[in-house]
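> Before I ask anything, let me first share the structure, which is written out below as structure tokens.
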Amino acid sequence: MDWLERVVKLRRWANNGSRAPHKPLLLLYALGSYQRDADGELRYSVVEEELKRLLVEYGPSNPTTPAYPFHHLVNDGVWEVRTDRGEGSPGAGIGVLRSSGAAGRLAPGLRAALRREPSLLGRLVRVLLDTHFPPSLHQELCEAVGLDLEGAETGTVGGAGAAARRQRDRRMRELILTAYEFQCAFCGYDGMLGSTSVGLEAAHVRWWSHDGPDEVDNGLCLCSLHHKLFDKGVLGLGDDHRILVSQRFVGRSEASRQHVLGLVGRVVIGPQAGAARVAGRHREWHVRQVFHGAARVSERLVG
Ligand SMILES: [Zn+2]
Numbered sequence: 053m054d055w056l057e058r059v060v061k062l063r064r065w066a067n068n069g070s071r072a073p074h075k076p077l078l079l080l081y082a083l084g085s086y087q088r089d090a091d092g093e094l095r096y097s098v099v100e101e102e103l104k105r106l107l108v109e110y111g112p113s114n115p116t117t118p119a120y121p122f123h124h125l126v127n128d129g130v131w132e133v134r135t136d137r138g139e140g141s142p143g144a145g146i147g148v149l150r151s152s153g154a155a156g157r158l159a160p161g162l163r164a165a166l167r168r169e170p171s172l173l174g175r176l177v178r179v180l181l182d183t184h185f186p187p188s189l190h191q192e193l194c195e196a197v198g199l200d201l202e203g204a205e206t207g208t209v210g211g212a213g214a215a216a217r218r219q220r221d222r223r224m225r226e227l228i229l230t231a232y233e234f235q236c237a238f239c240g241y242d243g244m245l246g247s248t249s250v251g252l253e254a255a256h257v258r259w260w261s262h263d264g265p266d267e268v269d270n271g272l273c274l275c276s277l278h279h280k281l282f283d284k285g286v287l288g289l290g291d292d293h294r295i296l297v298s299q300r301f302v303g304r305s306e307a308s309r310q311h312v313l314g315l316v317g318r319v320v321i322g323p324q325a326g327a328a329r330v331a332g333r334h335r336e337w338h339v340r341q342v343f344h345g346a347a348r349v350s351e352r353l354v355g
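Here it is as structure tokens:
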């Protein structure tokens with residue numbers, strides 16, 4: 053059985069010509085769950101809300117239900133569903149999936165193949181991501197379904213460490229975004245798509261890879277642009293929580309002026325009262341290790 057081939061064959065388009073990420077999203081979710089608990093089951097009534105959120109965030113705009121992939125993915129041979137009465141899916145109806153106690157997990161053959169060959173997990177995830185989603189979404193999709201892609205690709209699957217790491221990532225994101233009230237600490241951006249924040253990320257000030265803790269005083273809620281510029285050392289944090297902009301950054305357009313140069317010397321927005329601000333030691337680490345050289349001086353101060 054070539055599992056990669058089966059996964060590649062999941063179709064990308066629905067008959068009405070709209071994008072069809074429903075099955076790929078469910079399969080990614082199931083692979084994430086497998087990584088944490090190889091034989092665990094996903095009860096429809098328990099995971100329905102989370103699957104629905106995934107579809108809203110990463111699916112096309114037409115309304116859709118997770119019941120459809122939950123039932124139909126069985127036909128692709130990679131997923132099985134059983135109910136309180138025994139094997140087999142009760143159908144694609146929301147009501148019957150809930151009332152029958154329907155629960156799904158990866159098909160037995162696929163679970164056996166993953167046990168024999170742990171690196172298969174990473175390859176399956178890659179294929180799903182590459183076939184159905186743009187690279188800019190890969191990392192956050194893995195976070196959303198609780199997948200440790202790095203662990204999957206190196207074959208260290210099911211490791212308690214990796215699973216714990218994923219859980220911490222999700223918790224850190226929740227903590228930071230809440231502390232900063234779902235607003236970019238640099239520009240104030242607070243966009244929503246429906247009821248979900250969009251384009252906002254939790255940034256580590258001292259990088260996690262370099263001993264930065266998952267704590268509110270080591271985090272900032274930043275929009276995607278400012279997160280990237282912060283991690284690249286264009287932006288930094290100075291004394292009194294004022295924003296630093298590198299002298300080496302050049303941007304001549306109005307947009308660059310507004311989104312970057314205009315930040316010079318501005319005070320960080322947030323966090324809300326009671327939440328810890330960025331600790332001096334983490335701020336200093338970032339200035340020393342990441343920020344690019346000298347900071348620009350505010351035009352207001354130059355006079
Ligand atoms: Zn921003």
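Taking our numbering, I'd label the letters of the sequence shown as residues 53 to 355.
Ideal Cβ positions, reconstructed from N, Cα and C, are used throughout, including at glycine.
If you count every other CB in all the chains shown that lies within 10 Å of the CB of leucine 56, and 16 or more means buried, which is it?
Looking at its Cβ environment, which holds fewer than 16 other Cβ atoms inside 10 Å, leucine 56 is exposed.
> Which two residues bound the contiguous alpha helix (DSSP H) that contains tryptophan 55?
Residues 55–60.
> Considering only residues of the stretch 280–324, which uninterrupted beta strand (DSSP E) runs meet the minimum length of 3 residues and lie entirely inside it, listed in chain order?
Correct list: 287–289, 295–297.
> Considering only residues of the stretch 69–135, which uninterrupted alpha helix (DSSP H) runs meet the minimum length of 4 residues and lie entirely inside it, listed in chain order?
74–88, 96–110, 119–124, all fully within the stretch 69–135.
> Does the stretch 291–311 come close enough to the stretch 342–349 that 3 or more CB-CB pairs lie under 8 Å?
Contact holds: three or more Cβ-Cβ distances are below 8 Å.
> With DSSP as the reference, label glycine 210 as helix, strand or coil.
The predicted model places glycine 210 with a pLDDT of 49, which falls under 50 and marks its position as unreliable; any figure quoted below should be read in that light. DSSP places glycine 210 in coil when its eight states are reduced to three.
> Under 7 Å, CB to any heavy atom of ligand 1. Which residues pass, going along the chain?
The set, ordered by position in the chain, is Cys236, Phe238, Cys239, Tyr241, Leu274, Cys275, Leu277, His278.
> Could you spell out where the alpha helix (DSSP H) holding arginine 348 opens and where it closes?
Neither: arginine 348 is in no alpha helix (DSSP H) and is coded neither H nor E.
> State the DSSP-derived secondary structure class of cysteine 275, mapped to helix, strand or coil.
Three-state DSSP puts cysteine 275 in a strand.
> Any chance the stretch 184–191 sits against the stretch 112–124, with 3 or more Cβ pairs inside 8 Å?
Result no; under three Cβ-Cβ pairs closer than 8 Å.
> Given a cut-off of 9 Å, decide if leucine 166 and leucine 79 are closer than it, judged by their beta-carbon atoms.
Their beta carbons are not under 9 Å apart, which means leucine 79 does not touch leucine 166 by this criterion.
> Just reading off the alpha helix (DSSP H) that leucine 166 is part of, what are its end residues?
Unbroken alpha helix (DSSP H) run through leucine 166: 160–168.
> Should lysine 284 go down as buried or exposed, given a rule of 16 or more other Cβ atoms within 10 Å for buried?
Flag for lysine 284 reads exposed.
> Tell me the DSSP secondary structure of leucine 199 in three-state form.
Three-state result, leucine 199: coil.
> Which word fits aspartate 291, buried or exposed, when buried means at least 16 other C-beta atoms lie within 10 angstroms of its C-beta?
Label assigned to aspartate 291: exposed.
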